[in-house]
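Right, one structure below, let's go through it.
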């Protein structure tokens, strides 16, 4: 049974058609991501669901007493509230329910057969279960820590930055756990560690979720369904972003086949119509009308097919393209560079060289100094110690505040400041509209002032402008914020075709994986690590190291307790310690032989592939168990010496 049913809904803004007869049915515990170009209707659909926007036609049926809450792009808080108070005030209903439950529990100890009390008690228990609100204080504490709000918990919430206020609002919504949660770009202003916590929470707590996001790894981890809005219509795909790409490729193949069939039918009908006389008979008017429709479809289909094909080619283009790279030219050379802001040390004896074709991503937690390092390379701030040598080259800089744009100018004036309508892009002259349509701007936008554009549209303008500059190095600070996925694909394509160096700051793991060949990893304590691994792989290794450290701490704690309680190994433990190496060796030999057999078609056909695979799985499990047992006994023996 659906929680929300949308039937044949239309929504226009003056002459602009946004949603045209869309249907959508949302079931409990679905996690739906809405994708599409900026302006396609993603936020409009969300606002229709949360009731803040009326539809022009159709039906939107919402289950009774359904609690729907949406993360605001610009949250509002009461005056004189600190961060903790702002979060706790949003949980007042849940806290009262918990207090009422405890009061009723006490009353039932004296009046345990009162049916009315029992029903109220049961209803409150179900309500608290649904919102998982039994240990709110612990949850508040954890969310403050994970969203890096603990240091601000006693600070007036209205004094925080916009990004920090969004984190407070997101924390409050997650703790409330409404029946349906609507999130518009929830990963903006979160570093990768906060995003991983958000992923964990959304999956663990079983939210019913509708979200808009450009973070493709986040979508893959969270979404059970992907909905695409295009040309006012809605398409639904099972699963996350990779599933969406696979299904869209299949859709492209299907559309191409259907178009071939349509062309054959059109050819046959054109021959009939060419005969002339029969086509003019009244009884054949219907067939004539069908021919006209076939002609229209034949014109439309190649455009739609080509559009999908271009999107898929952009997305699936491999980021490790073969290039002839001349790495002789040095751009930056940092030697023992140190920088502190107040008491916080951001760089400590940082030494590196950045060369002309490097593609480097600067990563780390919020506040670790990523944007500061960029400002240092740009020469906008000075280091406290060490030297930075800079070669002779030009820089194109994109920042989160879009400082290169003038709100009073329109698009033509921005791209052609000296008049005319021609621009030079990487040595090639182009008409300004011919270039801007690559960044998804329609012709009617050419006369629009920058000041009236949305944040995402301004970002597109700034990035398009950046790629018209003849520079040797691009420095990009959070370039994917406020962009939709189609625009990010275009951005990636331009960066990959750029012949100079690229230095970027981004929390978008997918984007960093696709672009960067090297990572600078800031730990927030002054140290900068370097890695040539993909960012997502580095994060997995980092998690494994943390798990090993936790395991080591646990083992050390257990060993200490054993040492205080036990003076020597038992007889059985001594025998196991003596015999286990031979058992492990025998087990490993069996595993080796099985792997040899699995690599030989004659052998695995004779013994059965499934049987061999199951035996190998069981042996690996047994070997892991023997090894763990041996390591524990050996550590215990060492501790008791």
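Numbering (this note's numbering), first residue to last: 1105 to 1745. Think of the CB as a built atom: it goes at the ideal place given N, C-alpha and C, for glycine as much as any other residue.
Run the CB neighbour count on residue 1590, radius 10 Å, all protein chains shown included, and call it buried at 16 or more, exposed below. Taking the first residue of the chain shown as position 1, residue 1590 is located at position 486. Classification for residue 1590: buried.
C-beta atoms of residue 1606 and residue 1463 nearer than 8 Å: Indexing the chain shown from 1 puts residue 1606 at position 502. Indexing the chain shown from 1 puts residue 1463 at position 359. Yes; because the gap between Cβ atoms is below 8 Å, this pair is in contact.
With distances taken between CB atoms, is the gap from residue 1316 to residue 1465 smaller than 8 Å? Counting from 1 along the chain shown, the entry for residue 1316 is found at position 212. Counting from 1 along the chain shown, the entry for residue 1465 is found at position 361. Cβ distance not < 8 Å, so residue 1316 and residue 1465 don't count as in contact.
Exposed or buried, what is residue 1640 when buried is set at 16 or more other beta-carbons lying within 10 Å of its beta-carbon? Here the question's residue 1640 lines up with position 536 in the chain shown. Classification of residue 1640: exposed, given that the 10 Å Cβ count is below 16.
Spell out the partners DSSP gives residue 1150 in its beta bridges. Position 46 of the chain shown, counted from the start, is the residue given in the question as residue 1150. Partner residues in a beta bridge of residue 1150, as assigned by DSSP, do not exist.
Inter-residue spacing [alpha-carbon to alpha-carbon] between residue 1711 and residue 1730: On the chain shown, residue 1711 is found 607 positions in, with the first residue counted as 1. On the chain shown, residue 1730 is found 626 positions in, with the first residue counted as 1. Residue 1711 and residue 1730: Cα-Cα distance of roughly 27 Å.
Residue 1610 versus 1504, 1600, 1271, 1355, residue with shortest Cα-Cα distance: Numbered from 1 along the chain shown, position 506 holds the residue referred to as residue 1610. Residue nearest to residue 1610 within the set 1504, 1600, 1271, 1355 is 1504 (criterion: CA-CA distance).
Cut-off 8 Å between Cβ atoms - residues of its own chain near residue 1282, not counting five sequence neighbours on either side: In the chain shown, the residue the question calls residue 1282 occupies position 178. Sequence-distant partners of residue 1282 (beyond 5 residues in either direction) whose C-beta falls short of 8 Å from its own C-beta, in its chain, are 1171, 1172, 1173.
Cβ of residue 1356 within 8 Å of Cβ of residue 1314? Taking the first residue of the chain shown as position 1, residue 1356 is located at position 252. Taking the first residue of the chain shown as position 1, residue 1314 is located at position 210. No, the pair does not count as a contact, with Cβ atoms beyond the cut-off.
Assuming contact is defined by CB atoms lying nearer than 8 Å, are residue 1305 and residue 1278 in contact in what I supplied? By 1-based counting over the chain shown, the position of residue 1305 is 201. By 1-based counting over the chain shown, the position of residue 1278 is 174. The Cβ atoms of residue 1305 and residue 1278 sit closer than 8 Å to each other.
List the endpoints of the continuous beta strand (DSSP E) containing residue 1547. Within the chain shown, numbered from 1, the residue matching residue 1547 stands at position 443. Premise fails: residue 1547 is in no beta strand (DSSP E) and is neither H nor E.
Beta-ladder partner(s) of residue 1533, from DSSP: As a first step, residue 1533 is located in the chain shown; it is residue number 429 there, counting from the start. When DSSP reads this structure, residue 1533 sits in a beta bridge with 1528.
Kindly list the residues whose CB is nearer than 7 Å to the CB of residue 1687, restricted to its own chain and excluding five residues on each side of it in sequence; keep chain order. Reading the chain shown from its first residue, position 583 is the one you call residue 1687. Excluding sequence neighbours, residue 1687 sits near 1730.
Nearest-angstrom Cα distance between residue 1432 and residue 1650? Counting from 1 along the chain shown, the entry for residue 1432 is found at position 328. Counting from 1 along the chain shown, the entry for residue 1650 is found at position 546. Here the model assigns residue 1432 a pLDDT of 47, short of 50, so the residue's position is not dependable, and the following value carries that caveat. Computed Cα separation, rounded: 39 Å.
Rounded distance between the beta-carbons of residue 1502 and residue 1570, thought under 8 Å: As a position in the chain shown, residue 1570 is number 466, starting the count at 1. As a position in the chain shown, residue 1502 is number 398, starting the count at 1. Under the criterion of beta carbons closer than 8 Å, residue 1570 and residue 1502 qualify as touching, at roughly 5 Å.
Just the Cα atoms here: how many angstroms apart are residue 1449 and residue 1716? Counting from 1 along the chain shown, the entry for residue 1449 is found at position 345. Counting from 1 along the chain shown, the entry for residue 1716 is found at position 612. Each residue's Cα considered, the two are about 56 Å apart.
Inter-stretch contact at 8 Å, needing at least 3 Cβ pairs: the segment 1106-1125 / the segment 1159-1171: Under the 8 Å Cβ criterion, the segment 1106-1125 counts as touching the segment 1159-1171, having at least three qualifying pairs.
Tell me where the alpha helix (DSSP H) around residue 1297 begins and ends. For the purposes of this step, residue 1297 is taken as the residue at position 193 of the chain shown. Run containing residue 1297: 1296-1308, per the alpha helix (DSSP H) assignment.
Can you look up residue 1213 in the DSSP assignment and give me helix, strand or coil? The residue labelled residue 1213 in the question sits at position 109 within the chain shown. Note: residue 1213 maps to helix in three-state DSSP.
Using CA coordinates, which residue listed in 1209, 1461, 1555, 1624 is at the minimum distance from residue 1638? In the chain shown, counting from the first residue as 1, residue 1638 sits at position 534. Nearest option by C-alpha distance: 1624.
Going by other Cβ atoms of all chains shown within 10 Å of its Cβ, with 16 needed for buried, is residue 1785 buried or exposed? Because the chain is modelled from 1105 through 1745, residue 1785 falls outside the range shown and cannot be assessed.
Measuring CB atoms only, is the segment 1469-1483 touching the segment 1529-1544, in the sense that at least three cross pairs come out at less than 8 Å? Because the criterion of three Cβ pairs below 8 Å is not met, the segment 1469-1483 and the segment 1529-1544 do not touch.
Suppose contacts are defined by Cβ-Cβ distances below 8 Å. Is residue 1245 in contact with residue 1187 by that definition? The residue labelled residue 1245 in the question sits at position 141 within the chain shown. The residue labelled residue 1187 in the question sits at position 83 within the chain shown. Their beta carbons are not under 8 Å apart, which means residue 1245 does not touch residue 1187 by this criterion.
As assigned by DSSP and simplified to three states, the class of residue 1259: Against the chain shown, residue 1259 aligns to sequence position 155. Look at residue 1259 here: in three-state DSSP terms it is coil, with no helix or strand label.
With DSSP as the reference, identify every bridge partner of residue 1494, one or two as the case may be. As a working note, residue 1494 is residue 390 in the chain shown. Looking at the DSSP assignment, residue 1494 forms a beta bridge with 1436.
Rounded distance between the beta-carbons of residue 1298 and residue 1334, thought under 8 Å: Translated into positions along the chain shown, residue 1334 becomes position 230. Translated into positions along the chain shown, residue 1298 becomes position 194. Not a contact, Cβ separation roughly 31 Å.
Spatial distance of residue 1584 from residue 1292 (CA atoms): By one-based count along the chain shown, residue 1584 stands at place 480. By one-based count along the chain shown, residue 1292 stands at place 188. Going from the Cα of residue 1584 to the Cα of residue 1292 covers about 9 Å.
Where the alpha helix (DSSP H) containing residue 1135 begins and where it ends: Here residue 1135 refers to the residue found at position 31 of the chain shown. Residue 1135 -> not in any alpha helix (DSSP H); beta strand (DSSP E) instead, spanning 1135-1139.
Three-state class that DSSP yields for residue 1177 in the structure shown: Position 73 of the chain shown, counted from the first residue, corresponds to residue 1177. Here residue 1177 carries a coil assignment [DSSP, helix/strand/coil].
Can the beta-carbon of residue 1500 be found closer than 8 Å to that of residue 1434? Mapped onto the chain shown, residue 1500 falls at position 396. Mapped onto the chain shown, residue 1434 falls at position 330. Contact flag unset, no.
Three or more C-beta pairs closer than 8 Å, one from the segment 1129-1149 and one from the segment 1317-1336: is that the case here? Judged by Cβ distances under 8 Å, the segment 1129-1149 makes contact with the segment 1317-1336, as three or more pairs qualify.
Straight-line Cα distance separating residue 1572 from residue 1594: For this step, residue 1594 is matched to residue 490 along the chain shown. For this step, residue 1572 is matched to residue 468 along the chain shown. Rounded to the nearest angstrom, the two C-alpha atoms are 14 Å apart.
Identity of the residue in 1691, 1617, 1673 nearest residue 1722 by Cα: Numbered from its first residue, the chain shown carries residue 1722 at position 618. Out of 1691, 1617, 1673, 1691 has the C-alpha closest to the C-alpha of residue 1722.
Residue 1498: which of 1508, 1482, 1675 sits nearest, CA to CA? Position 394 of the chain shown, counted from the first residue, corresponds to residue 1498. Here the closest residue by C-alpha is 1482.
Please give me, in chain order, every unbroken run of the alpha helix (DSSP H) with length at least 4 that falls completely inside the segment 1585-1670. Counting whole runs of 4 or more residues, the segment 1585-1670 contains the alpha helix (DSSP H) stretches 1589-1601, 1613-1619, 1639-1669.
Could you tell me the boundaries of the alpha helix (DSSP H) in which residue 1251 lies? For this step, residue 1251 is matched to residue 147 along the chain shown. Following the DSSP letters along the chain, one finds residue 1251 in no alpha helix (DSSP H), marked with neither H nor E.
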